[in-house]
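Numbering (my numbering), first residue to last: 2 to 241. No residue lacks a Cβ here, since even glycine has one placed at the ideal position from N, Cα and C.
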């Protein structure tokens, strides 16, 4: 064990921080210190204001890449042992990608803007079956997406649609069921709705060389009240 050389972790009001040999204020159940510089409470809400960020990346062995960015006035995120709650006020984000090579091609773009958007994610295990849920609420928002991808080895997928709403809500739940041979069946079911207008759909089907296969689709339509659905099934390797 080595002494902590960083003064950032010293707080005069907390005697536990004076010990240069202790980890996470001697309370590793609540705090974490992944960089060894200062303890952090993962359950504490993290807020950023007046933010803007962007990124660009390429795919090795392929031509093209992805460009994305986001900006907003306020963004708050809080974690818990079971999931994450995120709230964004007056925010916009977008991304575009075009990638080709090794028998596959993928092009598409997405965009989203809104006055208020809140998302809650949670995960757990019930009787050996994994359960994940994501629920979101949007107020005065607009979004759109368009994309097409295909591969000789993994199948094809396509998506096209848009939404503009005063109030919208959605919830998506994924259940992972263990199968023989270190495989698992993942079933995703989602529903959405709101006051506004929406139209679009998504389909995907395929299998890759590793034995993973997927089949699914969804749609969203209606005005001045719209509804949406999503169903997706896949067989993948079980995580270890």
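Below 9 Å between beta carbons: does that hold for residue i and residue j?
i	j	result
residue 76	residue 55	no
residue 86	residue 121	yes
residue 174	residue 157	no
residue 160	residue 172	no
residue 125	residue 98	no
residue 91	residue 148	no
residue 48	residue 78	yes
residue 202	residue 227	no
residue 150	residue 163	no
residue 139	residue 170	yes
Quick one: using the 10 Å Cβ neighbour count with 16 as the cut-off for buried, is residue i buried or exposed?
i	result
residue 199	buried
residue 102	exposed
residue 58	exposed
residue 229	buried
residue 238	exposed
Assuming residue i contacts residue j (C-beta within less than 8 Å), just tell me the rounded distance between them.
i	j	result
residue 141	residue 115	6 Å
residue 232	residue 219	7 Å
residue 95	residue 69	7 Å
residue 130	residue 178	6 Å
residue 123	residue 84	3 Å
Straight-line CA distance for residue i to residue j?
i	j	result
residue 235	residue 216	6 Å
residue 249	residue 80	Beyond the ends of the chain as shown, which are 2 and 241, falls residue 249; an answer cannot be given.
residue 106	residue 127	39 Å
residue 222	residue 165	11 Å
residue 61	residue 225	45 Å
residue 244	residue 152	Shown here, the chain extends from 2 to 241; a query on residue 244 therefore has no answer.
residue 1	residue 197	Past the edges of the chain, shown from 2 to 241, lies residue 1, and the structure says nothing about it.
residue 155	residue 52	38 Å
residue 93	residue 193	21 Å
residue 261	residue 176	Because the chain spans 2 through 241 in this model, residue 261 falls outside it and cannot be assessed.
Following a CB-centred definition, is residue i positioned closer than 8 Å to any heavy atom of the ligand NAD?
i	result
residue 174	In the structure on display, the ligand NAD does not appear, and there are no ligands present to speak of.
Report task. Return the chain-ordered ranges of every beta strand (DSSP E) run that is complete within the segment 96-150 and spans a minimum of 3 residues. Result -> You should have 105-127.
Query raised in the report: If you scan the segment 156-218 from start to end, which runs of the beta strand (DSSP E) of 3 or more residues do you find wholly inside it?
Result: Within the segment 156-218, the complete beta strand (DSSP E) segments of 3 residues or longer fall at 156-180, 184-208, listed in chain order.
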